[in-house]
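Asker:
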Amino acid sequence: MDSSSHNRIFQHYYKEIESLISELKVEIDQAYSSLLSLEERKNSLQKAERLLNEASQSFHSLELEAYSENTDSESRSNVERVSSLKKQLERLRKEWKDAKIILSEERDKLERNDLLRQVESDLESGSLEQRQKFVSVTGKLEKGNEILHNSRRTLEETEQVTRGILEDLSTQRQTIMHTREGLSRIDAALLRSRGLLSSMTRRALANKLILYLVAAVFALAGLFIVFSKFRRP
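Heads up, the sequence shown is in the UniProt record's numbering, so the first residue is 1 and it goes up one at a time.
1) When the Cα atoms are used, what is the spatial distance from residue 191 to residue 30?
2) Does the beta-carbon of residue 212 have 16 or more other beta-carbons within 10 angstroms, so that it is buried, or is it exposed?
3) Note down the Cα distance separating residue 24 from residue 14, rounded to an integer number of angstroms.
4) Using three-state DSSP, classify residue 212 as helix, strand or coil.
5) Which runs of the beta strand (DSSP E), 3 residues or longer, sit entirely within the UniProt domain "Vesicle transport v-SNARE N-terminal" (9-99)?
6) Taking C-alpha atoms, which residue in 172, 185, 113 and 97 lies nearest to residue 153?
7) Flag this pair as yes or no: are the beta carbons of residue 17 and residue 58 separated by less than 8 Å?
8) If the criterion is Cβ atoms closer than 8 Å, does the pair residue 51 and residue 85 meet it?
9) From residue 195 to residue 67, what does the alpha carbon distance come to, in whole angstroms?
10) In chain order, what residues of the same chain lie with their CB nearer than 7 Å to the CB of residue 47, ignoring the 5 residues before and after it?
11) Would you report the Cα separation of residue 60 and residue 42, rounded to the nearest angstrom?
12) Taking the straight line between their C-alpha atoms, what separation do you get for residue 209 and residue 11?
13) Would a C-beta distance cut-off of 8 Å place residue 108 and residue 45 closer than the cut-off?
14) Counting C-beta neighbours from all protein chains within 10 Å, is the total for residue 117 16 or more, i.e. buried, or is it exposed?
15) So, under 8 Å CB-CB, residue 38 and residue 106 are touching, yes? Tell me the CB distance rounded to an integer number of Å.
16) Can you give the Cα-Cα distance for residue 158 and residue 193, rounded to whole angstroms?
17) Can you tell me the Cβ-Cβ gap for residue 112 and residue 141, rounded? I've got them flagged as a contact below 8 Å.
18) Where does residue 63 land, buried or exposed, given buried means 16+ other C-beta within 10 angstroms?
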């Protein structure tokens, strides 16, 4: 594939990811908006997740095209542009995760307040059983909050490990791409060397044939001279 074809494909993926990033920003802003209902914000988060997945898939293809350029100048320029897009996607993914956590906390808080209001309403009757129920529910809520915080902390640690693994894989992929480019250059050099050796071999063969021809001419000339002397009276 020539350089212009690579560039067209690269530009296609680049514009596609730019468009997805623009949509992502809108959906994430809506997920943070307090003017929208929790359900609307949840829908925005789901749309943002879908856009992130699409952008990630296109980004892999964009990286491959960036490292497949035929000239070093094009490759460096496109790699820098890809790096900029990658930072934007990572930032938006983090904002999406933060918005998801915030929305979950607000939902939990709303449900907890609704439950507490219901229990408080029941407590107005002064029933001992209802007081015990209130104490039990409060304990369960506190325990649930503790479990939730531990789960979120574990999730953040897992995300950090996963991010590190993905960065290592990206580095290894770049190394493989550079190695493949180096091998392609070596193959091209070997082909040129093979052509040069073939040309030299043909020239040596031609020179040898000329040498044999000259020797034959001299031999015939010598024979002719000897034969001429013997024929003289």
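The beta-carbon is built from N, C-alpha and C at its ideal position, and this holds for glycine as well. Note that the coordinates shown come from a computational prediction; the quantities given were computed from them, not determined experimentally.
Answerer: A quick look at the data gives this:
1) 58 Å
2) exposed
3) 15 Å
4) If DSSP states are grouped into helix, strand and coil, residue 212 belongs with the helices.
5) none
6) The shortest CA-to-CA distance from residue 153 to any of 172, 185, 113 and 97 is the one to 97.
7) yes
8) no
9) Between the alpha carbons of residue 195 and residue 67 lies a distance of about 29 Å.
10) 27
11) 28 Å
12) Whole-angstrom Cα-Cα distance: 57 Å.
13) no
14) By the neighbour-count rule (16 or more Cβ atoms within 10 Å), residue 117 is not buried but exposed.
15) 7 Å
16) 52 Å
17) Indeed they touch by this definition, with Cβ atoms about 6 Å apart.
18) Counting every other CB atom within 10 Å of its CB across the protein chains shown gives residue 63 a total of 16 or more, marking it as buried.
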